[in-house]
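Chemist:
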Amino acid sequence: MNSQPDLNSGTVESTNQFTPSSRSLMTILGGCLFSILLLLFLFQNILDLPLIKQNGSTQQDDTHKVPPANVVSTRTQPEAPTFFLDRMVVATNRSDSKKNLRQINRAVIDYYKDRYRYPPHAMFKESVHPNHGWQTAILPFLGEAELYSKINLKMRWTHPVNYNLFQQQVPVYLNPLITEKVTPDGLALSHYVGNRLLLRDDFPRTYESISDGPQYTILAVERGNDFQAWGDPTSLEDPQQIIGPDKVSSFADGNQALMCDGSVRLISKDIDPAILKALSTPSSADSTGDF
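Sequential numbering of the sequence shown, starting at 1, is according to the UniProt record's numbering.
1) Can you tell which of GLY254, SER209, TYR112, VAL89 has its C-alpha closest to the C-alpha of THR281?
2) Return helix, strand or coil for MET259, following the three-state DSSP convention.
3) Going by alpha carbons, who is nearest to TYR163 out of PHE291, MET88, TRP230?
4) Counting C-beta neighbours from all protein chains within 10 Å, is the total for ARG156 16 or more, i.e. buried, or is it exposed?
5) From which residue to which residue does the beta strand (DSSP E) around TYR148 run?
6) Under 7 Å Cβ to Cβ from ASP110, same chain only, skipping five residues before and after it: list those, please.
7) My output table needs one value for ASN164: the three-state DSSP class, helix, strand or coil.
8) When you compare the CB positions of TYR192 and VAL170, do they come within less than 8 Å of one another, or not?
9) From which residue to which residue does the alpha helix (DSSP H) around VAL248 run?
10) Taking 6 Å as the limit between beta carbons, can you name the residues of its chain near PRO78, skipping five residues before and five after?
11) Got a sec? Which residues, its chain only, sit under 8 Å from SER57 by beta carbon, not counting five neighbours each side?
12) What would DSSP say about PRO31, mapped onto helix, strand or coil?
13) Just checking, does the segment 269–289 make contact with the segment 239–250 on the three C-beta pairs under 8 Å criterion?
14) Thinking C-beta only, is GLY289 closer than 8 Å to ASP272?
15) Rounded to the nearest angstrom, what separates ILE267 and PRO119 at their Cα positions?
16) State the start and end residues of the unbroken beta strand (DSSP E) segment that holds residue 294.
17) Considering only residues of the same chain and omitting the five flanking positions on each side of SER284, which have a CB-CB separation below 8 Å?
18) How many Å lie between ILE151 and THR158 at the Cα?
19) With DSSP as the reference, please indicate the residues paired to GLN228 in a beta bridge.
20) Which residues does DSSP pair with GLU237 in a beta bridge?
21) Give the secondary structure of residue 307 by DSSP, where H, G and I count as helix, E and B as strand, and everything else as coil.
22) Is ASN225 near SER73, with beta carbons less than 8 Å apart?
23) Rounded C-beta distance between LEU198 and LEU219? I'm assuming under 8 Å.
24) Can you tell which of TRP134, GLN167, PRO184, ASN93 has the C-alpha that lies nearest to the C-alpha of THR234?
25) If we call anything under 8 Å between Cβ atoms a contact, is LEU101 one with GLN256?
26) CB-CB under 6 Å to ASN93, same chain, minus the five flanking residues each way: which ones, in chain order?
27) Which stretch, first to last residue, makes up the alpha helix (DSSP H) that contains TRP134?
28) Determine, for ILE242, whether the minimum Cβ-Cβ distance to residues of chain C falls below 8 Å.
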C-alpha cells in the first residue's frame with residue numbers, strides 16, 4: 001500500500017518538483033525578447049522610434065511621409081479665354097500670381113541675408129528623411145512668423161504634433177486662378193515649386209555660384225498640375241518636367257517663373273527644350289538664345 005502524506009505534520013513531501021533546464025530558460029527568455037521587439041515594431045508609429053537598417057545604421061521611419069495619393073492631379077489644361085470679362089479675370093489672376101512670386105523672392109532674399117545661402121531643398125534633423133521643406137524655411141520672411149514658431153522642426157512635417165499646422169493655407173502659395181487648394185486629407189497645397197537643380201541640400205548654393213547668370217536661372221515656377229502640400233519637403237521639380245506642350249500649364253499660354261535676379265518671366269509651353277534646359281540649370285554654360 002502506498003504511503004500517504006502526513007497532513008498533521010505541516011509538511012508535504014514533493015515528489016514532482018519542477019526544475020527548468022538551461023535550454024528551457026533560454027527558450028523562455030528568447031520568447032520574451034521576441035515579444036518585446038514585436039511590440040516595439042507594432043507601436044513604432046506611436047512611439048516615433050527609429051528603425052534599424054540592415055547595415056546597422058539608424059533611420060527614422062517613414063510613417064508620416066505623404067503618400068502619392070496626396071499629390072493633387074485633377075486639373076486639366078486651361079483654355080484661352082474668349083470673352084472680354086474672362087480675359088480680364090485671367091489677367092488679374094496672372095498679375096496676382098506674379099505678386100506672389102515676387103513676395104517669395106523677397107522672402108528668399110531675406111533668408112539669404114540671414115543664412116548667406118539659398119534655402120536648402122529640405123531641412124534634416126538627425127534623420128535620413130527630410131523633416132521640412134524650403135517653403136517652410138522662408139515662412140518667417142513671408143509674414144508667417146507666428147505659424148513658423150508653432151512648427152516643431154525636430155519632428156517630421158506630417159507628425160501629429162505638426163499635422164494640423166500644415167492644413168493652414170498660406171495665401172502667397174496659392175495661384176488665384178487654380179481652384180485646387182487642399183489634398184484629399186486636408187493638407188494645404190502650394191501652386192509653386194522650387195527648382196530642384198538649384199535648391200540643393202548637398203551643395204549650399206550662393207548667388208556667386210550661379211555662373212549661368214541669375215537672370216537666366218529659374219528659382220521657382222508656377223505649377224499647372226500635380227500639386228503638393230506647401231510643407232512637403234519633396235515639393236521641388238526640374239522645370240523641364242513641368243513646362244512643355246504635353247504638360248498642364250498654369251495659364252493657357254504657359255507658366256510664370258521666378259528668376260534668381262527677382263524678375264518674373266512668362267515661359268511659353270512651346271519653348272525650345274534646349275532653352276528651357278539652360279534656364280533650369282544654374283551652371284551648365286548652355287545658351288539661352290534670345291530669351
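Positions of the beta carbon are idealized from the N, C-alpha and C atoms, including for glycine. Remember, it's a predicted structure, so these values are computed and weren't measured experimentally.
Modeler: Walking through what the data contain:
1) SER209
2) strand
3) TRP230
4) buried
5) Looking at the DSSP string, TYR148 is not in any beta strand (DSSP E); the run it does join, the alpha helix (DSSP H), is 145–150.
6) PHE141
7) helix
8) no
9) Per DSSP, VAL248 belongs to no alpha helix (DSSP H) and is neither H nor E.
10) ALA252
11) Residue confidence is low: SER57 scores 38 on pLDDT, short of 50, so the model does not pin down where it sits. Its coordinate-derived value is still stated next. Taken in chain order, the list of residues that qualify is empty.
12) The sequence given here has Gly at residue 31, not Pro. Helix, per DSSP.
13) yes
14) yes
15) 24 Å
16) Outside the shown range of the chain, which is 1 to 291, sits residue 294, and nothing can be said about it.
17) ASP212, LYS277, ALA278
18) 11 Å
19) SER190
20) ASN195
21) For the chain, the structure presents residues 1 to 291; residue 307 sits outside this window and is missing.
22) yes
23) 6 Å
24) TRP134
25) yes
26) PRO176, LEU177
27) 134–137
28) The structure shown contains no chain C; it holds only a single protein chain.
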